[in-house]
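Report on the structure given below.
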Amino acid sequence: MSDSPYIFDISGAANFEQLVIENSFHKPVLVDFWAEWCAPCKALMPMLAKITEDYAGELLLAKVNCDIEQDIVMRFGIRSLPTVVLFKNGQPVDGFAGAQPEAAIREMLKPHVAEPAPVAADPMEIAQALFAEGRFAETEALLKQVLTENNENAAALILYARCLAERGELGEAQVVLDAVKGDEHKQALAGAKAQLTFLRQAADLPEVATLKSRLAQNAEDDEAVYQLAVQQLARQQYEAALDGLLKLFVRNRSYGDGLPHKTLLQVFDLLGGDHPLVTSYRRKLYQAIY
């Protein structure tokens, strides 16, 4: 028996009447006639199950083991396996015999089965995607709607603060982050705080051109390397910043009482553990330490 509420095995004529005939007055029922010895049947089953699940309750799937349910097989004159029959309003209305490609099965179902209602997109997923594309104004507008419904939504507050920070409202961003409660989004909160830190630090540092000029004269100017990395982080030039910080860590890990290591970890929080740069540079950091 399948764990799906839309898929079931038939056991006996009475069971067929109830689960196929009666159900088909409410939803179309696809009946899969199969047998244990039939290899094409075994190949077809998962495809039918997937299609049924995709319809999310608009289609039901009944499985008839022809070696056991001989009366049902004779009743419908099943002569070859697999055979699949679609029932609506108590009657067979369509079907096919033999293995079929998924596209052909879906095409057969189209006139008979209602398309499932589209799943409403998660506003937070949309907001995350907009933010990743740098569309901060649109992200803010969407997050304001989310926060109108629940002003304690931690994920929305954190992302909203990051939007504020991106347009220079650092004080307001800090107020929003201070309103975040609980530890459920601990890493995202740490990342947002790191972003604020980099933006504040960058405002008080020499310009990028000045720092690059210093490094052109002395590539081992540790202060210039670190300050350039912070400026790059404020501008979301993460790979360049991580590269500079790692090289500084390898050359002088004690600089600024361990600032290269501490800042690398802050960037990891900012980008999140699944980010490819984090995966790569976390490994490089580990190799540098050990």
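Numbering-wise (the UniProt record's numbering), the sequence shown opens with residue 1 and increments by one. Idealized CB from N, CA, C, for every residue including glycine. If you're wondering where the values come from, they're calculated on a predicted model, not measured in any experiment.
Of the residues the options, the one placed nearest residue i, counting alpha carbons only
i           : options                   : result
A209        : L142, Q227, K193 and E220 : Q227
G90         : L264, H26, S280 and K186  : H26
A154        : A141, A192, A137 and E166 : A192
L157        : S280, K144 and D32        : K144
T148        : G171, P123 and N218       : P123
Y160        : G182, D183, P92 and Q195  : Q195
L30         : L233, G77, R106 and R200  : R106
L242        : A49, R283, C163 and G12   : R283
S11         : E58, L44, V73 and R235    : V73
D54         : R75, V113 and F16         : V113
A234        : V250, Q217, V225 and A203 : A203
L248        : I21, P5, D222 and V84     : D222
V20         : P82, V93, L177 and P46    : V93
V250        : T52, V225 and Q232        : V225
E17         : L48, D71 and E152         : D71
F87         : T197, P111 and A104       : P111
A104        : I51, R135, A141 and L59   : I51
E239        : E207, L265 and L277       : L277
E184        : E152, A173 and L205       : E152
E22         : P46, V146 and L60         : L60
L48         : V85, T197 and N15         : V85
L170        : L199, A137, A121 and D274 : L199
residue 300 : G77, D274, Q201 and L164  : Outside the shown range of the chain (1 to 290) lies residue 300, about which nothing can therefore be said.
A121        : L142, L109 and M108       : L142
P40         : P101, F76 and Y6          : P101
Buried or exposed by the 16-neighbour rule on C-beta atoms within 10 Å, applied to residue i
i    : result
E133 : exposed
T139 : buried
S24  : buried
Y286 : exposed
I289 : exposed
D32  : buried
K42  : exposed
P118 : exposed
G244 : buried
P260 : buried
K181 : exposed
Q236 : exposed
R162 : buried
T279 : exposed
A62  : buried
V175 : exposed
A229 : buried
M1   : Confidence in M1 is poor, its pLDDT being 46 and thus under 50, which makes the residue's placement unreliable; the coordinate value appears in the next sentence. With fewer than 16 Cβ atoms within 10 Å of its Cβ, M1 is classed as exposed.
A56  : exposed
P82  : buried
P116 : exposed
Q232 : buried
P28  : buried
N218 : exposed
A173 : buried
A179 : exposed
E13  : Looking at the sequence itself, residue 13 is Ala, so the reference to Glu does not match. A13 comes out exposed.
Element boundaries [alpha helix (DSSP H), containing residue i]
i    : result
K193 : K186 to A203
Y290 : Where Y290 is concerned, there is no enclosing alpha helix (DSSP H), given that its DSSP letter is neither H nor E.
D178 : L170 to D178
P206 : No alpha helix (DSSP H) holds P206; DSSP gives it neither H nor E.
P118 : Run containing P118: none; DSSP gives neither H nor E here.
E133 : Premise fails: E133 is in no alpha helix (DSSP H) and is neither H nor E.
R162 : A154 to E166
- If you scan the UniProt domain "Thioredoxin" (7–114) from start to end, which runs of the alpha helix (DSSP H) of 4 or more residues do you find wholly inside it? 13–16, 39–54, 70–75 and 102–109
- Message: My parser needs the alpha helix (DSSP H) runs of 4 or more residues fully inside the region 214–266; what are they?
- Response: 222–234 and 238–251
- Message: Counting beta carbon pairs with one atom in the region 65–77 and one in the region 29–48, are three or more of them shorter than 8 Å?
- Response: yes
- Message: Measuring CB atoms only, is the region 124–141 touching the region 87–103, in the sense that at least three cross pairs come out at less than 8 Å?
- Response: no
- Would you check if there are 3 or more beta carbon pairs closer than 8 Å linking the region 268–282 to the region 171–190? Result yes; three or more Cβ-Cβ pairs closer than 8 Å.
- Message: I want to know whether the region 250–258 touches the region 199–214 - three or more CB-CB distances under 8 Å.
- Response: These segments do not touch.
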